[in-house]
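Counting from 1 along the sequence shown, just add 2 to a position and that's the residue number in this note's numbering. All C-beta atoms in this analysis are idealised placements derived from N, C-alpha and C, irrespective of residue type, glycine included. Worksheet: the structure to be examined is printed underneath.
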Amino acid sequence: MARTKKVVSKTKKTVKKVAKKRTTKKRAKKHPVSMPKVLIYDIETAPILGYVWRLWDQNLGLNMIAQDWHVMSWSAKWLDAPADKIMYMDQRKMKNIEDDKKILKEIWKLLDEADVVITQNGKRFDQKKLNARFILQGFQPPSTYKHIDTKQIASKIFGFTSNKLEYMTDKLCTKYKKLRHGKFPGFDLWQQCIKGNEEAWDEMEEYNRYDVLSLEELYKKMIPWDNSINFNVYHDEEKHVCKCGSEQFSKNGFYYTSAGKFQKYKCKSCGHETRDKINLFSKAKRKSLRMETPKT
Ligand SMILES: [Zn+2]
C-alpha cells in the first residue's frame with residue numbers, strides 16, 4: 003500500500019507540470035524514437051439522477067431526469083512514463099459539480115496530442131462519453147488518434163472467464179492489479195463523492211489512477227498478441243522496433259498469401275511476430291502461380 007500513497011500524493015503537481023509541458027503533436031525528446039505518443043486513460047462519470055415511481059422494470063422519460071450525467075474524474079498517463087508522472091483531475095473542488103469543462107479541457111489537450119490511445123472498454127464507453135461531453139461543452143473534435151482497446155483484444159483473441167479489467171489484471175499483472183473499492187463499496191463511492199465527501203474522493207482518485215497503471219501493465223502483457231497498429235510508421239528511421247521497445251529479432255519461418263512468400267520475424271524479447279513486405283518468390287514463380295476462383 004505504500005506505493006499507492008506515494009502515487010496519490012503527487013497528483014496535482016504532476017497534472018500542472020504535464021499540462022505546462024504539453025505541445026501540440028510534438029514528440030518530446032525523451033520519447034524513444036520508435037514510439038508514437040501513446041496515451042493510456044480512464045474516466046469516471048456521475049450517474050444520471052432521476053425521479054422514479056418504482057424499482058422494477060422502469061421506462062424513464064427525459065422529463066424524469068433531475069440531473070444529467072457528467073465526467074467526474076479522469077486519469078491518464080503516457081506509455082512508459084514513470085508511475086509518478088500519472089495525471090489526474092476531478093470535480094471535487096468545482097462550485098458546480100455538473101460543469102466539467104475545466105477537467106474536460108485538460109483531457110482534450112492530451113487526446114489532441116496523442117497518436118494512439120489505450121483504454122479498457124474505451125471504444126464503447128470512455129471515448130464516446132468524452133466525445134458527448136466535448137460537443138455539449140462546445141469543444142471541437144480532438145486531432146485524430148488510433149485506439150487500442152484491451153477489452154476488444156481480450157474478446158477477439160482470448161477466451162478468458164471475464165474480460166473485465168479486475169479479472170485480467172488479477173490474473174496477468176504482478177505490479178498493479180485493479181484496486182477493489184475500500185471503505186466505500188459499489189455505488190456508495192459515487193454517492194459520497196457527489197455529496198462532497200473528501201475521503202470518498204480520495205478513494206475515487208486512487209481507484210482511477212490504479213486503473214490506468216494496471217491497464218498499462220495489462221497492455222504490455224498483450225503486446226505480443228496485438229497486431230492492430232504498426233508503431234513503426236510513426237518514426238522516420240529505417241529500422242524496425244517492436245512495440246515492446248526491443249530491436250532484436252530472429253527469423254521465424256515464412257508467411258504465405260495466395261500470391262507470395264514472406265519472411266517472418268519474432269521479437270526476441272516479447273515474441274511478437276511480424277513479416278517482411280517483400281515477396282520472396284521469383285518473377286517466374288509468381289507468374290506460374292494460379293489463383294483460386296471465387297465460389298458463388
Ligand atoms: Zn517485442
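Here the alpha carbons of Phe264 and Met206 stand approximately 50 angstroms from one another.
Taking 8 angstroms as the cut-off, one finds at least one heavy atom of ligand 1 near enough to the beta carbon of Ile225.
Assignment of Val214 by DSSP, reduced to helix, strand and coil, places it in the helix class.
Per DSSP, Met89 is one residue of the beta strand (DSSP E) stretching across Met89 to Asp92.
In terms of side-chain proximity, the C-beta atom of Cys175 is found no nearer than 8 angstroms to any non-hydrogen atom of ligand 1. The closest CA to that of Asp228, considering only Ile155, Asn165, Ile280 and Cys195, is found on Ile155. A straight line joining the alpha-carbon of Glu200 with that of Met96 spans about 13 angstroms. Residue range Glu275 to Arg277 is occupied by the beta strand (DSSP E) that includes Glu275. Just so you know, the alpha carbons of Val119 and Met224 end up roughly 15 angstroms apart. Taking non-hydrogen atoms of ligand 1 into account, the C-beta of His237 is found less than 8 angstroms away from none of them. Under a 10 Å Cβ-count criterion, Phe136 is classified as buried, with 16 or more other Cβ atoms of the shown protein chains found around its own Cβ. At the C-beta level, Ala78 and Ile109 come within 9 angstroms of one another. Counting C-beta pairs closer than 8 angstroms gives fewer than three between the stretch 43-61 and the stretch 240-259, which falls short of the contact rule. Val40 is positioned such that its CB atom lies no closer than 9 angstroms to that of Trp76. In this structure, the alpha-carbon of Ile159 lies about 29 angstroms from that of Ser145. Pairing Phe162 with Lys173 gives a Cβ-Cβ distance under 9 angstroms.
When DSSP states are grouped into helix, strand and coil, Asn229 belongs to the coil group. Ordered by chain, the residues meeting the criterion of a beta-carbon within less than 5 angstroms of a non-hydrogen atom of ligand 1 are Cys244, Cys246, Ser248, Cys269, Ser271, Cys272 and His274. When the beta-carbon positions are compared, Gly52 and Met66 come within less than 9 angstroms of each other. Under the three-state reduction of DSSP, Met206 is assigned to helix. Under a 10 Å Cβ-count criterion, Asn210 is classified as buried, with 16 or more other Cβ atoms of the shown protein chains found around its own Cβ.
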